[in-house]
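Under numbering that gives the first Met the number 0, the sequence shown is numbered contiguously, ending at residue 143. Every residue, glycine too, gets a C-beta built ideally from N, C-alpha and C.
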Amino acid sequence: MGLDAEGYGFPEHERTLARLMSDVRVMGPAGVERAAEGWDRYAGKAGLASFHEAERAATHAVEQHERGAAWDTFRSSLFGLTESGEALVSWKAEHGDIGHKAEDAAFGAALALVAGNLIKPEQFATLVRPMAEALPWLLPDEGP
Numbered sequence: 000m001g002l003d004a005e006g007y008g009f010p011e012h013e014r015t016l017a018r019l020m021s022d023v024r025v026m027g028p029a030g031v032e033r034a035a036e037g038w039d040r041y042a043g044k045a046g047l048a049s050f051h052e053a054e055r056a057a058t059h060a061v062e063q064h065e066r067g068a069a070w071d072t073f074r075s076s077l078f079g080l081t082e083s084g085e086a087l088v089s090w091k092a093e094h095g096d097i098g099h100k101a102e103d104a105a106f107g108a109a110l111a112l113v114a115g116n117l118i119k120p121e122q123f124a125t126l127v128r129p130m131a132e133a134l135p136w137l138l139p140d141e142g143p
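Structure representation (structure tokens):
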């Protein structure tokens with residue numbers, strides 16, 4: 000397995016749920032803050048309608064193509080890392096408004112990765128863009 004530009008053990012353009020979970024596990028408070036800033040910038044007041052539209056399309060695609068169980072399992076795992084009593088320290092440190100925005104960004108990215116090619120590329124980008132502020136590999140063709 001090759002390494003990406005940041006030295007992680009994933010191929011440079013591999014966008015997978017395993018990679019997202021790995022990065023969420025090691026994300027520090029600054030990364031959580033960047034994801035929250037991405038939420039504000041791309042899904043905040045001005046972009047929320049587009050985000051919800053893409054979210055509905057992805058949810059429908061996941062349900063129609065029998066990926067619902069996978070999404071439920073992953074969503075539960077992600078919730079455990081970010082919000083539960085067993086949440087990671089970095090996510091606990093940013094609990095509150097910042098943490099919730101970052102969590103929403105992470106859930107959007109995860110939903111897009113589960114839906115994959117079942118949704119339009121623009122919908123995929125809309126869902127991952129907030130989290131891509133902290134994890135640029137989610138949108139490798141867009142610059143920082």
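Element boundaries [alpha helix (DSSP H), containing residue i]
i: H99; result: 96-114
i: L47; result: 47-63
i: P28; result: 28-37
i: P129; result: 120-131
i: L16; result: 16-25
Other residues of its chain near residue i: CB distance less than 7 Å, five sequence neighbours each side excluded
i: L137; result: R14, A108, V127, M130, A131
i: D22; result: L134
i: A105; result: V23, A34, L77, T81, M130
i: L19; result: A108, A109, L112
Buried or exposed by the 16-neighbour rule on C-beta atoms within 10 Å, applied to residue i
i: V61; result: buried
i: T72; result: exposed
i: D103; result: buried
i: G1; result: Low local confidence applies: a pLDDT of 43 at G1 is under 50, so the model's placement there is unreliable, with the coordinate-based value given in what follows. So G1 counts as exposed.
i: K100; result: buried
i: G30; result: buried
i: E121; result: exposed
i: G37; result: buried
i: A69; result: exposed
i: G79; result: exposed
i: G95; result: exposed
i: E32; result: buried
Per-residue DSSP class, three states only, for residue i
i: R40; result: helix
i: L134; result: coil
i: R66; result: coil
i: D140; result: coil
i: F73; result: helix
Same chain, Cβ closer than 8 Å to residue i, neighbours up to 5 away in sequence not counted
i: G67; result: V61
Contacting residues, own chain, Cβ-Cβ under 6 Å from residue i (five flanking each side not counted)
i: F123; result: A111
i: Y41; result: R128, P129
Distance cut-off 6 Å: residue i Cβ against heavy atoms of the ligand SAH
i: A53; result: With respect to small molecules bound, the structure shown includes none, and the ligand SAH cannot be examined in it.
Integer-rounded CB distance, given that residue j should sit under 8 Å from residue i
i: A57; j: A114; result: 4 Å
i: A53; j: T125; result: 4 Å
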